[in-house]
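**Student:** Residue numbering for the sequence shown follows full-length UniProt numbering, starting at 1 and increasing by one per position. The C-beta atom is built at its ideal place from N, Cα and C for all residues, glycine as well. Can you read through this structure? Questions will come right after.
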Amino acid sequence: LWAPVGSWVDTPAGQPVNFGGLMTPRERFATWEMVRELSRSPLVEIGAHTWASHYGLPANPQGSREPAAANRGWDKTTGRYESDAQFTRRMADDVQKVTAKIHEVAGKAPRAWVWPYGAASGSTLAIAKQQGYQLAFTLNDGLGNVKDLDNIPRMLIAGNPSIKAFANAVTQIQEADPVRVMHVDLDYVYDPNPVQQAKNIDKLVQRVYDMKISHVFLQAFSDPQGDGTVKSLYFPNRWLPMRADLFNFVSWQLQTRGGVKVYAWMPVLAFDLSSDLPRVQRWDPQTGKALLARQPYVRLSPWDPRVRQQITDIYEDLARHASFSGILFHDDAVLTDFEDVSPEAVAAWRQTGLGHDAAPVPQRPQERQAWMRFKSQTLTRFTLDLRQAVQAIRGPQV
Numbered sequence: 001l002w003a004p005v006g007s008w009v010d011t012p013a014g015q016p017v018n019f020g021g022l023m024t025p026r027e028r029f030a031t032w033e034m035v036r037e038l039s040r041s042p043l044v045e046i047g048a049h050t051w052a053s054h055y056g057l058p059a060n061p062q063g064s065r066e067p068a069a070a071n072r073g074w075d076k077t078t079g080r081y082e083s084d085a086q087f088t089r090r091m092a093d094d095v096q097k098v099t100a101k102i103h104e105v106a107g108k109a110p111r112a113w114v115w116p117y118g119a120a121s122g123s124t125l126a127i128a129k130q131q132g133y134q135l136a137f138t139l140n141d142g143l144g145n146v147k148d149l150d151n152i153p154r155m156l157i158a159g160n161p162s163i164k165a166f167a168n169a170v171t172q173i174q175e176a177d178p179v180r181v182m183h184v185d186l187d188y189v190y191d192p193n194p195v196q197q198a199k200n201i202d203k204l205v206q207r208v209y210d211m212k213i214s215h216v217f218l219q220a221f222s223d224p225q226g227d228g229t230v231k232s233l234y235f236p237n238r239w240l241p242m243r244a245d246l247f248n249f250v251s252w253q254l255q256t257r258g259g260v261k262v263y264a265w266m267p268v269l270a271f272d273l274s275s276d277l278p279r280v281q282r283w284d285p286q287t288g289k290a291l292l293a294r295q296p297y298v299r300l301s302p303w304d305p306r307v308r309q310q311i312t313d314i315y316e317d318l319a320r321h322a323s324f325s326g327i328l329f330h331d332d333a334v335l336t337d338f339e340d341v342s343p344e345a346v347a348a349w350r351q352t353g354l355g356h357d358a359a360p361v362p363q364r365p366q367e368r369q370a371w372m373r374f375k376s377q378t379l380t381r382f383t384l385d386l387r388q389a390v391q392a393i394r395g396p397q398v
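Structure (structure tokens):
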């Protein structure tokens, strides 16, 4: 598979190529005639590596330059992020241009999409699929899977390695790397004084590097009171105040300077959204009444469609505005033996046809067991839906 960057190959003879910010002599790059010649070989398939999106663009107010094909840009002049419509238009134009050119040169449309820097985007992947692409290659670790053609790993080769070195590198791909995890609370990194905050970030990155950490679970929400109720977030979103636009910057610093994979540590139900939304209620067997459940946290009831939609919106906004490898769901996705008896939860249970006890909490062992399973399945299904919402924007590798 050979996947050229269209604008590099299209550069006129004698003009240097902007190779990721490094101006490089034109003769070090292929020509369209070379692409045409190799496309005739049954041993070579011509894919696409974008037309002109193999570069980093400012992706947050701090100026971090992140892969353009996978991230929405930050405009310092307007103080705004690229909108969904702007991002879609930019990448649709890019995909269409490189696809048309390769089709013209190779005689057939490309079907393999190779991500610049290995950084995938669910939004761009959807655009590529509309243009007929069937395979997408990242730089993730591990072996490929024919059942997951949207997320095919690849190994970056540099320095013209010997056969022995290449064989060793390929063999090591099959070996699972050790996982060394650090949980990081952004509330301890954030500081209203930008100078102190910069020092905090530098110390964090250095500590992560010195401890040889492989994965950082980075808190994307703010809870300075420590009561478990999430009143603000560290990324732009539609439903809660933003304490600071900090998560993406720290995540990118950890990835690029600390060499780690960052997982966004996120609540599932403990968001302090509108008081009109139902909260989880517990059944008090002594009084026979339903009370607001406060332990371990005050949580929103997952059986209300408005709750699910607003929480999904928050996760989508995280995916739009940050680079990360995965999601760590907080321990608020839990219901005790006496929860949830809110009207929404009870109605959903009744609709299953399995609930026959008159009391909100089933008393018969068999029915109680079914009720517990119903609650567990609801929570699991919701977290899977949240992951899917993130993947649709951030990519299948999450």
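#1: Quick one: give me the first and last residue of the alpha helix (DSSP H) that glutamine 391 is part of.
#2: How should glutamate 316 be labelled, buried or exposed, when 16 other C-beta atoms within 10 angstroms of its C-beta is the threshold for buried?
#3: Rounded to a whole number of angstroms, what is the C-alpha to C-alpha distance between glutamine 219 and methionine 182?
#4: On the three-pair Cβ rule with 8 Å, is the segment 255-270 touching the segment 320-337?
#5: Assuming leucine 273 and glutamine 281 form a contact by the criterion Cβ under 8 Å, report the distance between their Cβ atoms to the nearest whole angstrom.
#6: Could you check what DSSP says for phenylalanine 217 in three-state terms: helix, strand or coil?
#7: Run through DSSP, which three-state label would arginine 207 get?
#8: Just checking my contact of glycine 79 with proline 67 at CB under 8 Å: how many whole Å lie between their CB atoms?
#9: What are the partner residues of valine 230, as DSSP defines its beta bridges?
#10: Taking 7 Å as the limit between beta carbons, can you name the residues of its chain near glutamate 45, skipping five residues before and five after?
#11: Let me check understanding here. Comparing Cα to Cα, which of Val95, Tyr190, Ser41 lies closest to histidine 49?
#12: Which of the three DSSP states is assigned to asparagine 248 in this structure?
#13: Residue range of the alpha helix (DSSP H) that residue 399 falls in?
#14: Check whether the Cβ atoms of alanine 136 and alanine 69 sit closer than 9 Å, and answer yes or no.
#15: Could you pull the start and end residues of the alpha helix (DSSP H) that arginine 350 belongs to?
#16: Is the beta carbon of leucine 300 sitting closer than 9 Å to the one on valine 250?
#17: For proline 25 versus valine 35, is the C-beta spacing smaller than 9 Å?
#18: Between Trp32, Val260, Pro365, which lies nearest to methionine 211 when the distance is taken from Cα to Cα?
#19: With DSSP run on the structure shown, which of helix, strand or coil describes proline 194?
#20: Start and end of the beta strand (DSSP E) containing glycine 6?
#21: To the nearest angstrom, how far is it from the Cα of asparagine 145 to the Cα of lysine 231?
#22: Looking only at its chain, what residues have a beta carbon closer than 8 Å to the beta carbon of aspartate 332, apart from the 5 residues adjacent to it on each side?
#23: Consult DSSP for tyrosine 55 and reduce its assignment to one of helix, strand or coil.
#24: Between the Cα of alanine 100 and the Cα atoms of Leu354, Glu82, Arg306, Tyr133, which residue gives the shortest distance?
#25: At what residues does the alpha helix (DSSP H) containing alanine 322 begin and finish?
#26: If leucine 156 and leucine 143 are in contact, beta carbons under 8 Å, what's the gap, nearest whole angstrom?
#27: Tell me the residue span of the beta strand (DSSP E) that contains lysine 164.
#28: Using 8 Å for Cβ pairs, my map puts proline 4 next to alanine 30. What's the rounded Cβ distance?
#29: So which of Ala319, Pro362, Asp75 has the shortest CA-CA distance to aspartate 340?
#30: Would the C-beta of alanine 333 count as close to the ligand COA, meaning under 8 Å from any of its heavy atoms?
#31: Which value, in whole angstroms, describes the spacing of the CA atoms of lysine 129 and alanine 169?
#32: Which residues does DSSP pair with alanine 67 in a beta bridge?
#33: Within a Cβ cutoff of 6 Å, which residues of the same chain sit near tyrosine 209, ignoring the five residues on either side of it in sequence?
#34: Report all residues from its chain with a CB closer than 8 Å to the CB of residue 431; omit the five preceding and five following residues, and keep chain order.
#35: Residues bridged to glutamate 339 by DSSP?
#36: What residue does the beta strand (DSSP E) around methionine 23 start on, and which one ends it?
**Tutor:** Taking the structure as given:
#1: The residue labelled residue 391 in the question sits at position 391 within the sequence shown. Residues 365-394.
#2: By one-based count along the sequence shown, residue 316 stands at place 316. Classification of glutamate 316: buried, given that the 10 Å Cβ count is 16 or more.
#3: Your numbering for residue 219 matches position 219 in the sequence shown. Your numbering for residue 182 matches position 182 in the sequence shown. Near 11 Å, if we compare the C-alpha coordinates of methionine 182 and glutamine 219.
#4: yes
#5: Along the sequence shown, read from residue 1 onward, the residue named residue 273 stands at position 273. Along the sequence shown, read from residue 1 onward, the residue named residue 281 stands at position 281. Leucine 273 to glutamine 281, Cβ: 16 Å. No contact.
#6: Position 217 of the sequence shown, counted from the start, is the residue given in the question as residue 217. Three-state DSSP puts phenylalanine 217 in a strand.
#7: By one-based count along the sequence shown, residue 207 stands at place 207. Residue state, collapsed to three classes: helix.
#8: On the sequence shown, position 79 is the one that residue 79 refers to. On the sequence shown, position 67 is the one that residue 67 refers to. Not quite, the Cβ-Cβ distance comes to about 22 Å (not below 8 Å), so this is no contact.
#9: As a first step, residue 230 is located in the sequence shown; it is residue number 230 there, counting from the start. According to DSSP, which records beta bridges pairwise, valine 230 is partnered with Phe271.
#10: Position 45 of the sequence shown, counted from the start, is the residue given in the question as residue 45. Leu1, Ala112.
#11: For this step, residue 49 is matched to residue 49 along the sequence shown. Of the candidates Val95, Tyr190, Ser41, the one whose C-alpha sits nearest the C-alpha of histidine 49 is Val95.
#12: To locate residue 248, count along the sequence shown from 1; it is residue 248. It is helical.
#13: Limits of the chain in this structure are 1 at one end and 398 at the other, which puts residue 399 out of reach.
#14: On the sequence shown, position 136 is the one that residue 136 refers to. On the sequence shown, position 69 is the one that residue 69 refers to. Contact: no.
#15: Here residue 350 corresponds to residue number 350 of the sequence shown, with the count starting at 1. Per DSSP, arginine 350 belongs to the alpha helix (DSSP H) from 343-351.
#16: The residue you call residue 300 lines up with position 300 of the sequence shown. The residue you call residue 250 lines up with position 250 of the sequence shown. Not in contact: leucine 300 and valine 250 (Cβ atoms no closer than 9 Å).
#17: In the sequence shown, the residue the question calls residue 25 occupies position 25. In the sequence shown, the residue the question calls residue 35 occupies position 35. It is not a contact, given that the beta carbons lie outside the stated cut-off.
#18: Stepping through the sequence shown from its first residue, residue 211 is reached at position 211. Ranking the options by Cα distance to methionine 211, first place goes to Val260.
#19: Taking the sequence shown and counting its residues from 1, the one referred to as residue 194 is at position 194. Proline 194: helix per DSSP, three-state reduction.
#20: For the purposes of this step, residue 6 is identified with residue 6 of the sequence shown, where counting begins at 1. For glycine 6, there is no enclosing beta strand (DSSP E); the enclosing alpha helix (DSSP H) covers residues 6-10.
#21: Translated into the one-based positions of the sequence shown, residue 145 becomes position 145. Translated into the one-based positions of the sequence shown, residue 231 becomes position 231. Taking the straight line joining both Cα atoms gives about 41 Å.
#22: Taking the first residue of the sequence shown as position 1, residue 332 is located at position 332. Within the same chain, aspartate 332 has close Cβ partners Gly228, Pro267, Val268, Leu269, Ala270, Pro296, Tyr297, Arg299.
#23: As a first step, residue 55 must be located in the sequence shown, where it is residue number 55. In the three-state scheme derived from DSSP, where H, G and I count as helix and E and B as strand, tyrosine 55 is classed as coil.
#24: Taking the sequence shown and counting its residues from 1, the one referred to as residue 100 is at position 100. For the residues Leu354, Glu82, Arg306, Tyr133, the minimum Cα distance to alanine 100 belongs to Tyr133.
#25: For the purposes of this step, residue 322 is taken as residue 322 along the sequence shown, with counting starting at 1. Element bounds for alanine 322: n/a, residue is neither H nor E.
#26: Taking the sequence shown and counting its residues from 1, the one referred to as residue 156 is at position 156. Taking the sequence shown and counting its residues from 1, the one referred to as residue 143 is at position 143. Not really, about 16 Å apart at Cβ, beyond 8 Å.
#27: Here residue 164 corresponds to residue number 164 of the sequence shown, with the count starting at 1. Careful: lysine 164 lies outside any beta strand (DSSP E), inside the alpha helix (DSSP H) at 163-173.
#28: Within the sequence shown, the letter at position 4 stands for residue 4. Within the sequence shown, the letter at position 30 stands for residue 30. Indeed they touch by this definition, with Cβ atoms about 6 Å apart.
#29: By one-based count along the sequence shown, residue 340 stands at place 340. Comparing C-alpha distances from aspartate 340 to each of Ala319, Pro362, Asp75 shows the shortest one belongs to Pro362.
#30: As far as ligands go, the structure on display features none, and thus does not contain the ligand COA.
#31: By one-based count along the sequence shown, residue 129 stands at place 129. By one-based count along the sequence shown, residue 169 stands at place 169. Whole-angstrom Cα-Cα distance: 31 Å.
#32: The sequence position of residue 67 within the sequence shown is 67, counting from 1. The sequence given here has proline at residue 67, not alanine. Looking at the DSSP assignment, proline 67 forms a beta bridge with Gly56.
#33: Taking the first residue of the sequence shown as position 1, residue 209 is located at position 209. Here the set comprises Gly258.
#34: In the structure as shown, the chain starts at 1 and stops at 398, and residue 431 therefore has no counterpart that could be examined.
#35: For the purposes of this step, residue 339 is taken as residue 339 along the sequence shown, with counting starting at 1. According to DSSP, glutamate 339 bridges with Arg282.
#36: One-based indexing of the sequence shown puts residue 23 at position 23. Where methionine 23 is concerned, the enclosing beta strand (DSSP E) stretches over 22-24.
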